Structures are given as C-alpha cells and as structure tokens.
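Undergrad: Chains A and B, in that order, are what the protein sequence lines are.
Add 3 to the 1-based position in the first sequence for our numbering, that's all there is to it.
Add 3 to the 1-based position in the second sequence for our numbering, that's all there is to it.
Protein chains: 2
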Amino acid sequence: MADYTLYYWPLPFRGQFVRAVLSHIGASWHEAEVEAVAGQRAADPQAQLVPHMGPPLLIDHVTKAHLSQMPAILAYLGAKHGLLPGDPVLDAMSHKIVADANDVLYEMTRYNGAQLWTEPAWKEFKPRLCRWMELFEETGRRHGLTTRSGFMLGTSEPGIADIVAATLWGTMTAKFVQLRPMLDRHAPSIAGLSDRIAALPAQTELRKRSADAYGDEWCGGQIEASLRAVLGPAD
Amino acid sequence: MADYTLYYWPLPFRGQFVRAVLSHIGASWHEAEVEAVAGQRAADPQAQLVPHMGPPLLIDHVTKAHLSQMPAILAYLGAKHGLLPGDPVLDAMSHKIVADANDVLYEMTRYNGAQLWTEPAWKEFKPRLCRWMELFEETGRRHGLTTRSGFMLGTSEPGIADIVAATLWGTMTAKFVQLRPMLDRHAPSIAGLSDRIAALPAQTELRKRSADAYGDEWCGGQIEASLRAVLGPAD
Numbered sequence: 004m005a006d007y008t009l010y011y012w013p014l015p016f017r018g019q020f021v022r023a024v025l026s027h028i029g030a031s032w033h034e035a036e037v038e039a040v041a042g043q044r045a046a047d048p049q050a051q052l053v054p055h056m057g058p059p060l061l062i063d064h065v066t067k068a069h070l071s072q073m074p075a076i077l078a079y080l081g082a083k084h085g086l087l088p089g090d091p092v093l094d095a096m097s098h099k100i101v102a103d104a105n106d107v108l109y110e111m112t113r114y115n116g117a118q119l120w121t122e123p124a125w126k127e128f129k130p131r132l133c134r135w136m137e138l139f140e141e142t143g144r145r146h147g148l149t150t151r152s153g154f155m156l157g158t159s160e161p162g163i164a165d166i167v168a169a170t171l172w173g174t175m176t177a178k179f180v181q182l183r184p185m186l187d188r189h190a191p192s193i194a195g196l197s198d199r200i201a202a203l204p205a206q207t208e209l210r211k212r213s214a215d216a217y218g219d220e221w222c223g224g225q226i227e228a229s230l231r232a233v234l235g236p237a238d
Numbered sequence: 004m005a006d007y008t009l010y011y012w013p014l015p016f017r018g019q020f021v022r023a024v025l026s027h028i029g030a031s032w033h034e035a036e037v038e039a040v041a042g043q044r045a046a047d048p049q050a051q052l053v054p055h056m057g058p059p060l061l062i063d064h065v066t067k068a069h070l071s072q073m074p075a076i077l078a079y080l081g082a083k084h085g086l087l088p089g090d091p092v093l094d095a096m097s098h099k100i101v102a103d104a105n106d107v108l109y110e111m112t113r114y115n116g117a118q119l120w121t122e123p124a125w126k127e128f129k130p131r132l133c134r135w136m137e138l139f140e141e142t143g144r145r146h147g148l149t150t151r152s153g154f155m156l157g158t159s160e161p162g163i164a165d166i167v168a169a170t171l172w173g174t175m176t177a178k179f180v181q182l183r184p185m186l187d188r189h190a191p192s193i194a195g196l197s198d199r200i201a202a203l204p205a206q207t208e209l210r211k212r213s214a215d216a217y218g219d220e221w222c223g224g225q226i227e228a229s230l231r232a233v234l235g236p237a238d
C-alpha cells in the first residue's frame, strides 16, 4: 500500500509540484487512473472524495485525509514533513511563493486555457513573464539565494519554496527550452537553484519517470499547442 | 501608529478578505493611498516592499513583516491570531477554502479582467458558479455547518475558513443581489453562515465603512461594468 494516492492528469503542470514534494520526502504514491481523475472531477460534490473543482487531489492513506488545491496540498505536506521554515513570516513567504507559482501557471495557460495564445497576446505577455522571473529572483536575493549553494528563503535545506520555484521554472524551461535564456537573464539565481534541485537524485528519478509517461507535454491540450506555436521551433 | 498597513485598491474584492480578518481580530490598520498602491505595484522588484505582481500587500508593523498574496497574508494572520483550527488536516482545509475563494475571484472577473463578460460567456459560466456554491456547501456540510450555529470546519469559533466563505459569498451577493437567490438555492448553509458572520459587530462596522468608501463597487473597472450588464437590473 502506497503512502499517498495522487489524482491528477497524466501531465506535469500543477500535479508536478505535488509529485516533486512527494519525491523529495521519499514517499510512495499511487497515481490514479485518468478515468478516476475525470470521474472525481465530474462527480456531484456529495460524491467527491473532497469537494473540488479540479485536480490535483491527494489522499493521505496514513491519516485518511483527502485534500484538493495544490497550495493547500503543499501546505499540508510542508507542515507534515518539515519542509516549511518554521518561522511565521518565512512560512507565509513560502505560501506566497506557492501562490505566485500558481498565478504563473494560470497566466502561462491564459487561465487554464480560457483563451489560446496568439502572436500579439504572447508579445504583450512576454514582459510580464520576465517580471515574474525578476520577482522570484528578488525574493531569493533578499533571503540569501545570491550564493551558489543558498536556498530561496535562506534555509539550510531545500523546502517547499525551493521545490516550488524549481518545479515552476525548471520544468517550464525544460519543456520550452526557448524560454531558458529568458530565465538565465532575468533570474540567474533561480535558474541555478532550479538546476541544483533538479540534480537531486529523487528529482532526477522523477523527471525520468515523468518524461517516460508524459513525453514533452507540460500543460497539454490546445493551450500547449498554441503556446508552442507562438514560441516557434526549439532549434 | 496602526498595527498594520494594507496596500490595496479602494475596492472590496481581494482586499476585503484581509480587511475582514483584520476587523475580526480587532487590529488597527492604515489603508495606503491609491497612489502608493499603484507605485508599489509598478516599482522595480528591488524597490518593492515585498516583490509582488499586484496587491494586496500587508505590512505588520509589530514584526516588521512585509507580505503579499491574499492566501499567504491570510495564512500569516490566521496562524498569528489563532484563526486556524490547529489540526493539520483542518488547517490544510482552511488553505483549500482560501484557494477556492481565490479561484472564484479569478473566474468572476475572467482572470482579473483578461476578458469582459458577454451574454453567451455568462450563460456558459452560470452552472459553474452554481457548482462552486455547491462545493462550498458540501465542504461545510461534511464538517458540521448543517446546524444554524455551526462553523464551516466544525470549529466552535469562526476562523479563516468562515470569514473567507462569508466575505466571498456574502460580499458578492450583497453587491450583486441578483445572485443571492442562486446562493440560497445552491448553498443555503453558506448563505446562513455569511449572514451570521456579516452580523458580527466588527463586520457590520467594516461593511458600513467600506460602503461609504467604495459605494456599490466590487471588483471595479470595465469587468464590473460588463458583469452588471449581463446580470441585468437588480429590480
């Protein structure tokens, strides 16, 4: 029996943040079948494991807890497994970084695909994406990320903030390599952090498994196709 | 000297969640001038009080903390002022309810005004808004909100989950009274909870002050105008 069951689409995107944390703590988890994910999502609220609009959804088989909403799942795992700094302000900063990451996911997909990318829309958005990168960079700079080995909130071990920043920017720029030069320019410390987290054995192993399962996909669907179209070839 | 300074637009919307919690704990706060809010938002990340894409932004003058992102600010205030249940799963459920509320704000404004409301778009969205209400109702039902006096997560005193649910649904249906029958039908317990929280003296006082300052506005701007257009007259 696995420690956890994760309900998420067979894609990285929001689910990958939960997978990255579960991998980091060495937890075992079962991935629910896509039919079960879709079934939960479409079920009456009364019939859902936890009332939710969309995945991810996590079952903790030890505590029998059912949770939804990526930020809430990460807050739960962070508290349970000691991945929050343990200081009121820095804990809140961790939650802020998760909320920022979630906003970037919304914006990169034009709110989960509410609109598709077009050349003019992408051109208009690009400075904002650069600014998101700069906001992460500056957050890390204030807390000690300027050294090559530092973590985002000045902690001695990677925590939720680090895993989230690395999963956001590292995964995005691995799947869309056209964006990596932008990250290197606007958030060099975050790029370095992403590489260091990505090089941890548990993350390397997760990335390999995810690539086998999901290929090059990130958010999937028409919205990913429209994003690839405006980004052009990867060379 | 106030306990806190809040940077937010002169509107309810996301800022009202922070104001409602500050009111509930009896904290004093200063509202930054709109020029200061806009100035912070536009500043270089290096010059911002805390690196952020948009308000709300809160300064805690006692701890000298600077925070952004509504969910992170509420997590901070909830932990500091004993407004979280203090149980790992219920704390995470509180964060989930905040994340759900934040998603409803995004959807009611078509991601902060990325698109305006049209008749067809609103018609398509309405069942989803009903479902959001049902998701809140079912969350409360599972935890003990079925009694007239219960709180959303079965706690003996209102916490972040209650204040957030009441601020979301109560404020929305007070500003757009056309939506109140929908709330009464799809989330009767949440409607009752919203009324009970709204009747607390601190919330009554906040609502009066907010109405004096912001009038009937909710999210403001063209997006609010387009929402009022599709909702039709309030009768």
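Each residue gets a CB set at the ideal place from its N, CA and C atoms; glycine is no exception.
Predicted, not measured: the structure shown is a model, and the values here were computed from it.
Reducing DSSP to helix, strand and coil, say where A/I62 ends up.
TA: Looking at A/I62 - three-state DSSP - the assignment turns out to be strand.
Undergrad: Per the contact definition of three or more C-beta pairs closer than 8 Å, is the stretch 152-169 of chain A in contact with the stretch 197-206 of chain A?
TA: Short answer: they touch.
Undergrad: Does A/P54 get closer than 9 Å to chain B when you measure Cβ to Cβ?
TA: Answer yes: the Cβ-Cβ gap between A/P54 and chain B drops below 9 Å somewhere.
Undergrad: Does B/M136 pass the burial test, meaning 16 or more other C-beta atoms within 10 Å, or should it be called exposed?
TA: With 16 or more other Cβ atoms within 10 Å, it is buried.
Undergrad: State the start and end residues of the unbroken beta strand (DSSP E) segment that holds B/L70.
TA: From DSSP, the beta strand (DSSP E) with B/L70 extends over 68-71.
Undergrad: How about A/V167: is its C-beta nearer than 9 Å to some C-beta of chain D?
TA: Here the protein chains are A and B, and chain D is not one of them.
Undergrad: Quick check on A/L108: does DSSP put it in helix, strand or coil?
TA: Reduced to three states, the DSSP call for A/L108 is helix.
Undergrad: So, is the C-beta of A/F139 closer than 9 Å to a C-beta in chain B?
TA: Interface residue, yes.
Undergrad: Would A/W172 count as contacting chain B if we go by Cβ distances under 9 Å?
TA: So no, A/W172 is outside the interface.
Undergrad: Could you have a look at A/Y79 and say whether DSSP puts it in helix, strand or coil?
TA: Correct three-state label for A/Y79: helix.
Undergrad: Could you confirm whether any beta carbon from chain A is found closer than 9 Å to the beta carbon of B/I28?
TA: Cβ-Cβ to chain A under 9 Å: no for B/I28.
Undergrad: Would you say B/M239 lies against chain A (beta-carbon separation less than 9 Å)?
TA: Absent from the structure is residue 239 of chain B, since the part of chain B shown begins at 4 and ends at 238.
Undergrad: Relative to the alpha-carbon of A/P13, which residue among A/H27, A/M4, A/W32, A/V40 has its alpha-carbon at the smallest distance?
TA: It is A/V40.
Undergrad: For B/H189, which residues in the same chain have their Cβ closer than 7 Å to its Cβ, ignoring the five residues on either side in sequence?
TA: Correct list, in chain order: C133, M136, E137, E140.
Undergrad: Exposed or buried, B/M4, counting other C-beta atoms within 10 Å across all chains shown (16 or more means buried)?
TA: Counting Cβ neighbours within 10 Å, B/M4 comes out exposed, since fewer than 16 surround it.
Undergrad: In terms of residue numbering, what span does the beta strand (DSSP E) encompassing B/E34 cover?
TA: Run containing B/E34: 32-34, per the beta strand (DSSP E) assignment.
Undergrad: Since B/Y11 is in the alpha helix (DSSP H), which residue starts that stretch and which ends it?
TA: Taken as a continuous stretch (DSSP letters only), B/Y11 belongs to no alpha helix (DSSP H), as it is neither H nor E.
Undergrad: Could you tell me the alpha carbon to alpha carbon distance between B/Q118 and A/S159, rounded to whole angstroms?
TA: Looking at the two C-alpha atoms, the distance is approximately 43 Å.
Undergrad: Just verifying my parser: in three-state terms, what is the DSSP assignment at A/G116?
TA: Here A/G116 sits in helix by DSSP.
Undergrad: Here's a check: name, in chain order, each residue in its chain whose Cβ is nearer than 6 Å to the Cβ of A/A205, leaving out the five neighbours to either side.
TA: Here the set comprises S26, H27.
Undergrad: So, is the C-beta of B/H64 closer than 9 Å to a C-beta in chain A?
TA: Not one chain A Cβ lies under 9 Å of B/H64.
Undergrad: Is the CB of A/E110 under 9 Å away from at least one CB in chain B?
TA: Output row for A/E110: interface = yes.
Undergrad: Which residues in the same chain have their Cβ closer than 6 Å to the Cβ of B/G223, if we skip the five residues on either side of it in sequence?
TA: Taken in chain order, the residues that qualify are L14.
Undergrad: If you run the structure through DSSP and keep just helix, strand and coil, what is A/Q225?
TA: Looking at A/Q225 - three-state DSSP - the assignment turns out to be helix.
Undergrad: Show which residues of chain B have a CB atom less than 7 Å away from the CB atom of A/P48.
TA: Here the neighbours are E137, L138, E141.
Undergrad: Drop a sphere of 10 angstroms on the beta-carbon of B/V180, count the other beta-carbons inside from all chains shown, and report buried for 16 or more, exposed for fewer.
TA: B/V180 should be labelled exposed.
Undergrad: Mind checking the stretch 86-104 of chain B against chain A and listing, in chain order, the residues whose C-beta falls within less than 9 Å of any C-beta there?
TA: For the stretch 86-104 of chain B, which is checked against every Cβ of chain A, the residues closer than 9 Å are P91, V92, D94, A95, M96, S97, H98, K99, I100, V101, A102, D103.
Undergrad: Is there at least one Cβ from chain A nearer than 9 Å to B/R113's Cβ?
TA: Yes, B/R113 lies at the interface with chain A (some Cβ there is under 9 Å from its Cβ).
Undergrad: Have a look at A/M96 and B/P236 and give me their C-alpha separation to the nearest angstrom.
TA: About 43 Å.
Undergrad: Which of the three DSSP states, helix, strand or coil, is assigned to B/V21?
TA: B/V21 falls in the helix class under three-state DSSP.
Undergrad: Using the three-state DSSP reduction, which class does A/E220 fall into: helix, strand or coil?
TA: Coil at A/E220, not helix or strand.
Undergrad: Since A/V180 is in the alpha helix (DSSP H), which residue starts that stretch and which ends it?
TA: That residue, A/V180, is in no alpha helix (DSSP H); it is neither H nor E in DSSP.
Undergrad: Spatial neighbours of B/D176 within its chain, please: C-beta separation below 7 Å, excluding the five flanking residues on both sides.
TA: A quick correction: the sequence has Thr, not Asp, at residue 176 of chain B. So the list reads L182, R183, L186, once near-sequence residues are dropped.
Undergrad: Who are the near neighbours of B/P1 in its chain, counting only those whose CB is closer than 7 Å to its CB and skipping five residues on each side?
TA: Absent from the structure is residue 1 of chain B, since the part of chain B shown begins at 4 and ends at 238.
Undergrad: Can you find a CB in chain B that lies within less than 9 Å of the CB of A/I200?
TA: So no, A/I200 is outside the interface.
Undergrad: Between the Cα of B/A30 and the Cα atoms of B/Q49, B/D63, B/Y114, which residue gives the shortest distance?
TA: Measuring from the Cα of B/A30, the nearest candidate turns out to be B/D63.
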